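Chains as they are written, first to last, in our numbering: chain G, 1 to 113; chain A, 114 to 224.
Just so you know, even glycine gets a beta-carbon here, dropped at the ideal spot from N, CA and C.
In this text, all values refer to a predicted model and were calculated from it rather than measured experimentally.
Report on the structure given below.
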Amino acid sequence: DAGVIQSPRHEVTEMGQEVTLRCKPISGHDYLFWYRQTMMRGLELLIYFNNNVPIDDSGMPEDRFSAKMPNASFSTLKIQPSEPRDSAVYFCASSLKVRTGKNFGEGSWLTVV
Amino acid sequence: QKEVEQDPGPLSVPEGAIVSLNCTYSNSAFQYFMWYRQYSRKGPELLMYTYSSGNKEDGRFTAQVDKSSKYISLFIRDSQPSDSATYLCAMNRDSSYKLIFGSGTRLLVRP
């Protein structure tokens, strides 16, 4: 059983560049979540989808951040333009029900220089 | 004040010790409580999931919830070096999607 798959695992980019992070949730999971983890702020929920529809994006820090889920097996988180303070680990997670435990991917480690 | 407080550690114990990890919280509406384990450079992995108060046991792991004290614990018996990781508590309200995470406690089990 494949878990949540994220790509790229590591990304180093220059300030001002566009960054696209990708996620494939576990098949059959109706909920998909994007989290960001930093030393200072811990794990923060950015946005979540239910059946491919964005439900709550109140955690998205700025308009530079956007997320899409064009189908049940794929989601993207885009940062344009990127800034050094966006450097963090971005996790995608999926679950069967919204309140149950979530399965996390291995994360995308982003460094913006 | 954060909604969920967790001592960051690190907590260093010898192999075979009983480990106690704890979180306190301020929101009495929290009903669902979880513990995640996160190895270095990996994603969090769900260990235990409990609803409301009480104990739950799974192998060497026991989760306890004391809602009257707003305190949850994770006990690890016969700790192993492979248990060395960061342990994150998480919780949410009934009918809420928003999981609130603690900052994590780093555990080191010495051989």
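Here residue 42 (chain G) is bridged, per DSSP, to G:38.
Chain-order list of chain G residues neighbouring residue 156 (chain A): 91, 104, 105, 106 and 107, by C-beta distance under 7 Å. Here the C-alpha atom of residue 127 (chain A) lies approximately 10 Å from the C-alpha atom of residue 191 (chain A). Burial is judged here by how many other beta carbons sit within 10 angstroms of a residue's own beta carbon; residue 86 (chain G) has at least 16 and is buried.
Our two residues, residue 178 (chain A) and residue 101 (chain G), have alpha carbons roughly 16 Å apart in a direct line.
DSSP, reduced to helix, strand and coil, places residue 86 (chain G) within a helical segment of the structure shown. Taken in chain order, the whole beta strand (DSSP E) runs of length 3 or more contained in the segment 116-169 of chain A are 124-127, 132-138, 143-151 and 158-164. The shortest CA-to-CA distance from residue 13 (chain G) to any of G:40, G:35 and G:81 is the one to G:81. Judged by beta-carbon spacing, residue 164 (chain A) lies beyond the 8 Å limit of residue 147 (chain A), meaning their Cβ atoms are not closer than that value.
Within a 10 Å sphere around the beta-carbon of residue 103 (chain G) sit 16 or more other beta-carbons, which makes this residue buried.
Listed along the chain, the chain G residues whose CB falls inside 9 Å of the CB of residue 217 (chain A) are 42 and 43. With respect to the 8 Å criterion, residue 198 (chain A) and residue 220 (chain A) are classified as neighbours on the basis of their beta carbons. Shown here, residue 194 (chain A) sits in a helix according to DSSP, grouped into three states. Bridge partners of residue 176 (chain A) according to DSSP: A:169 and A:187.
Per the coordinates, the alpha-carbon of residue 7 (chain G) lies some 17 Å from the alpha-carbon of residue 157 (chain A).
Around residue 184 (chain A), no beta-carbon contact reaches into chain G at under 8 Å, the shortest distance being about 19 Å. Here residue 4 (chain G) carries a coil assignment [DSSP, helix/strand/coil]. Residue state for residue 50 (chain G) is assigned as strand, using DSSP reduced to three classes. In this structure, DSSP gives residue 30 (chain G) a state outside helix and strand, which the three-state scheme calls coil. Chain A places no beta carbon closer than 8 Å to that of residue 28 (chain G), leaving this residue out of the contacts. With a threshold of 8 Å between beta carbons, residue 174 (chain A) makes no contact with chain G.
Rounded to whole angstroms, residue 114 (chain A) and residue 32 (chain G) show a C-alpha spacing of 29 Å.
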